[in-house]
Amino acid sequence: MSNHSEPTSGASELRPDDGSRRSFMKQAGGILGLALAPPFISQAERLTAFSKTVEGVSAMRLNVNGTVRTIQAEPRVTLLDALREYLDLTGTKKGCDHGQCGACTVHIDGRRVNSCLTLAVMNQGKEITTIEGLAKGEDLHPMQEAFIKHDGFQCGYCTPGQIMSGVACVREGHANSEAEIREYMSGNLCRCGAYPNIVAAVREVAGKGKV
Amino acid sequence: MNNFSYTQAGSAKEATAIRKANPQAAYIAGGTTLLDLMKANLEEHPQLVDINMLPFRGIEQTPDGLRIGAMERMSDVGENPLVLQQYPAISESLLLAASPQLRNMASIGGNILQRTRCGYFRDAAFPCNKRVPGSGCPALQGDNHNLAILGTSDACIATSYPGDLSVALAALDAVLTLENQKGKQRRVPVTEFYLLPGKTPQKETMLEPGELIVAVTIPAAVHARRSTYLKVRERASYAYALASAAVGLDVQGGTIRSARVALGGVGAQPWRSREAEKILTGAPATEATFRAAAAAALRGAQPRSENRYKVELAQNTLVQALQKVAG
Chain A
1 MSNHSEPTSG ASELRPDDGS RRSFMKQAGG ILGLALAPPF ISQAERLTAF
51 SKTVEGVSAM RLNVNGTVRT IQAEPRVTLL DALREYLDLT GTKKGCDHGQ
101 CGACTVHIDG RRVNSCLTLA VMNQGKEITT IEGLAKGEDL HPMQEAFIKH
151 DGFQCGYCTP GQIMSGVACV REGHANSEAE IREYMSGNLC RCGAYPNIVA
201 AVREVAGKGK V
Chain B
212 MNNFSYTQAG SAKEATAIRK ANPQAAYIAG GTTLLDLMKA NLEEHPQLVD
262 INMLPFRGIE QTPDGLRIGA MERMSDVGEN PLVLQQYPAI SESLLLAASP
312 QLRNMASIGG NILQRTRCGY FRDAAFPCNK RVPGSGCPAL QGDNHNLAIL
362 GTSDACIATS YPGDLSVALA ALDAVLTLEN QKGKQRRVPV TEFYLLPGKT
412 PQKETMLEPG ELIVAVTIPA AVHARRSTYL KVRERASYAY ALASAAVGLD
462 VQGGTIRSAR VALGGVGAQP WRSREAEKIL TGAPATEATF RAAAAAALRG
512 AQPRSENRYK VELAQNTLVQ ALQKVAG
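In structure tokens:
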């Protein structure tokens, strides 16, 4: 909660102006979203009182990587879509979108979860950590270093999820043997088949006890 | 996924009142089953009621046994020291299920209410008596390799509960505490909670509309402490059971004093086999006894075109599980 004072009225202010297709698509979406938004009432705060119903596009406050950010979104927006499409944190990947592949793995209050199967609206007030939140400035997280060292990927699409899951696997104490790592990393699929190198990376970090 | 409104309920009373006012609303806890089904347009709800704030928490000893709150998560229950020591089959059934991520999310109540993995149920392009009553069952003549062989009907041959936990709960005489819209609680054994498909496969449990699962209580017993859950899958991890066995034995001086047996992956619902238990109880703890019990458990099996292998697979799974706990 290092940066709690960021008052944002909508996702549009959070976008890097990189002129990319993704940015353009989202700006278009943002303008539409703004047009549909109800007059400003603090839905997020009303949530703290029980039995308040959130309907349509409304403000949600999400604490992501230590920064509280506000988006305007419908209740049906998953945490994964909120991260990627509203907060431009595209490191978290959408694979199957059904909790079967693990590409969308993030940490919520320190626990690894599939961000595709939880709603953004349900995760207000929780500490969300994505792959973008692992490195400290230019210093990569030890798990990121280990994935590079052991070549724990080919195409790289599953890698953010693998790394987030690997960090949790070590922290949980489930990385004591190759067999245990394989079992506790089984929620993250890699179609390139980089498993031996992923296991080696997780094992090295576990052995050094530095997560 | 259809659009919906979202309400965070602060109490069971609030949650059930919302459901009463809007019968099409659904409760959401972990969301891993519900959102999956809603994304596939297999379920549509105009309103979701978040029940995570409900006080259905805790894993505690009671005079009736270990009481586990329905809002507890699979990973926390599976790794709980009391569960590990007193009910190894429960712990194993939880930790062999799903993935670490899903186990961190999924609640015990939600696990108990998870729905079938039958491919025809999960693809809205096909008829399915469970999804659209009266529309037919393509699985009868189709791809039924992972479907049930016990307790099925001509209307449905799905393993309606495809998971693991309730198989272990059924074996160890667990009892659910339910709370209805009037705030009244009742207790129902897991073995009576699930309904066989018969002519109404859309009705899967005896839960009343709007009723909530509050907790599950598992009685203490020697056969519970000496229990295991063995799961056979198409891959080593992160898959549903083709066949599984939850067993508990109290063996003294080579003789079985009491036995508990339930099968997963083969029954229309978690399949408690009192036939197998009858053969085991009082008999010597030998492979011959285990084989006889396994044969009794599968005696009523009705395999279809592609799941005949399950008759033998389930028997061998059960025998291996019994050998493990007999030590």
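Read top to bottom, the protein sequences are chains A and B.
In this text, residue positions in the first sequence follow our numbering: the first is 1, and each later residue adds one.
In this text, residue positions in the second sequence follow our numbering: the first is 212, and each later residue adds one.
Beta carbons are placed, not taken as given, at the ideal position from N, Cα and C, and that holds for glycine.
Under 7 Å, do residue 289/B and residue 277/B count as touching if we go by C-beta distance?
-> no
With 9 Å as the C-beta to C-beta threshold (strictly closer), list the residues of the segment 173-204 of chain A near chain B in chain order.
-> 174, 182, 183, 184, 185, 186, 187, 188, 189
Can you tell which of 521/B, 386/B, 538/B, 338/B has its C-alpha closest to the C-alpha of residue 273/B?
-> 386/B
Considering only residues of the same chain and omitting the five flanking positions on each side of residue 43/A, which have a CB-CB separation below 7 Å?
-> The pLDDT assigned to residue 43/A is 41, lower than 50, so where the model puts this residue is not dependable; a value taken from the coordinates is nonetheless given after this. Closer than 7 Å at Cβ, skipping near neighbours: 54, 58, 59.
Report buried or exposed for residue 372/B, applying the criterion of at least 16 other Cβ atoms within 10 angstroms of its Cβ.
-> buried
Are there three or more Cβ pairs, one per stretch, closer than 8 Å when the segment 182-198 of chain A is compared with the segment 234-246 of chain B?
-> no
Determine, using beta carbons only, whether residue 280/B comes closer than 7 Å to chain A.
-> no
Out of 122/A, 121/A, 206/A, 143/A, which has the shortest C-alpha to C-alpha gap to residue 131/A?
-> 143/A
At least one CB of chain B closer than 7 Å to the CB of residue 164/A: is that the case?
-> no
Excluding the 5 residues preceding and the 5 following residue 410/B in the sequence, name in chain order all residues of the same chain whose CB lies nearer than 8 Å to its CB.
-> 364, 366
Contact between the segment 186-196 of chain A and the segment 157-165 of chain A: three or more CB pairs below 8 Å?
-> yes
Tell me, please, which residues DSSP counts as bridged to residue 70/A.
-> 61/A
Per DSSP, residue 139/A is paired with what?
-> 136/A
Residue 376/B to residue 139/A span [Cα, whole Å] = 43 Å
Using 10 angstroms around the beta-carbon of residue 285/B, count the other beta-carbons present and answer buried if the total reaches 16, otherwise exposed.
-> buried
C-alpha gap between residue 67/A and residue 440/B, whole angstroms | 44 Å
Contact belief for residue 87/A with residue 106/A at Cβ below 8 Å, rounded distance in angstroms | Actually they are not in contact, since the Cβ atoms of residue 87/A and residue 106/A sit about 12 Å apart, beyond 8 Å.
Contact under 7 Å by Cβ, residue 460/B with residue 437/B | yes
May I ask which residues mark the beginning and end of the alpha helix (DSSP H) holding residue 312/B?
-> 311-316
Determine the direct distance from the alpha carbon of residue 513/B to that of residue 224/A, and round the result to whole angstroms.
-> No answer is possible for residue 224/A: it lies beyond the span of chain A, which begins at 1 and ends at 211.
Within the same chain, show all residues whose beta-carbon is closer than 8 Å to that of residue 180/A, passing over the 5 residues directly before and after it, in chain order.
-> 174
Going by DSSP, what residues sit across from residue 442/B in a beta bridge?
-> 455/B
Report, in whole angstroms, the separation of the C-beta atoms of residue 223/B and residue 389/B, which I expect to be a contact under 8 Å.
-> Rounded, the Cβ-Cβ distance is 11 Å, inconsistent with contact.
Beta-ladder partner(s) of residue 261/B, from DSSP | 219/B, 239/B
Is there at least one Cβ from chain A nearer than 7 Å to residue 291/B's Cβ?
-> no
Chain A contact residues for residue 215/B, given Cβ-Cβ distances below 7 Å = 75, 76
Could you please give the first and the last residue of the uninterrupted alpha helix (DSSP H) stretch that includes residue 150/A?
-> Neither: residue 150/A is in no alpha helix (DSSP H) and is coded neither H nor E.
Can you tell me whether DSSP reads residue 461/B as helix, strand or coil?
-> strand
In the DSSP assignment, what residue or residues form a beta bridge with residue 374/B?
-> Looking at the DSSP assignment, residue 374/B forms no beta bridge with any residue, so it has no partner.
Straight-line Cα distance separating residue 121/A from residue 77/A | 8 Å
Note down, in chain order, each residue of its chain lying with its Cβ closer than 6 Å to the Cβ of residue 162/A, except the 5 sequence neighbours on either side.
-> 188, 198
How about residue 55/A: is its C-beta nearer than 7 Å to some C-beta of chain B?
-> yes
With DSSP run on the structure shown, which of helix, strand or coil describes residue 33/A?
-> Confidence at residue 33/A is low in this model, with a pLDDT of 40, below 50, so the placement of that residue should be treated as unreliable; the coordinate-derived value is given next. In this structure, residue 33/A counts as helix in the three-state DSSP scheme.
Min CB distance residue 376/B to chain A below 7 Å | no
Which term fits residue 249/B, buried or exposed, when burial requires 16 or more other beta carbons within 10 angstroms of its beta carbon?
-> buried
Closer than 8 Å by beta-carbon distance: list the chain A residues that pair up with residue 218/B, in chain order.
-> 51, 52, 53, 54
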